[in-house]
Amino acid sequence: MVWVVVWSVLVVGTLVGAFFLGRDLWRRFRALVAELREASAVLGQLAEHATTLAEQAQEAERAARAAREAVLLPDPDEARERWAENRARARERREVRRERDRATREGWRAYTR
1045 MVWVVVWSVL VVGTLVGAFF LGRDLWRRFR ALVAELREAS AVLGQLAEHA
1095 TTLAEQAQEA ERAARAAREA VLLPDPDEAR ERWAENRARA RERREVRRER
1145 DRATREGWRA YTR
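Residue numbering for the sequence shown follows my numbering, beginning at 1045 and increasing consecutively.
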């Protein structure tokens, strides 16, 4: 008879413990689902924001590229003037180099005579 009471108490205690454990797990599961819904909404907003930022970055890149191309294409008359100046400077440098070469050759000829 004592064993029947002991086993009955053990079975009832197990069932009560299982009830409380199940209730706790159910509450945690509902809280997890609520958090997942909120995380899903936040990820949706983040995706929209990322798309907006990507579009803005593309527009800024296009504007920067257009600005660079505008800077890279000078006025044709200014370019011709610059080319003429560069050719004149190159001509002067060539003359200076030739004079220096002549002077060096004459110096070496003086050593060999």
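The beta carbon of each residue, even a glycine, is placed where N, CA and C say it ideally should be.
Residue i, DSSP secondary structure in three states
i: R1118; result: Inspection of the sequence shows that residue 1118 is occupied by Pro rather than by Arg. P1118 falls in the coil class under three-state DSSP.
i: R1081; result: helix
i: R1142; result: helix
i: R1153; result: helix
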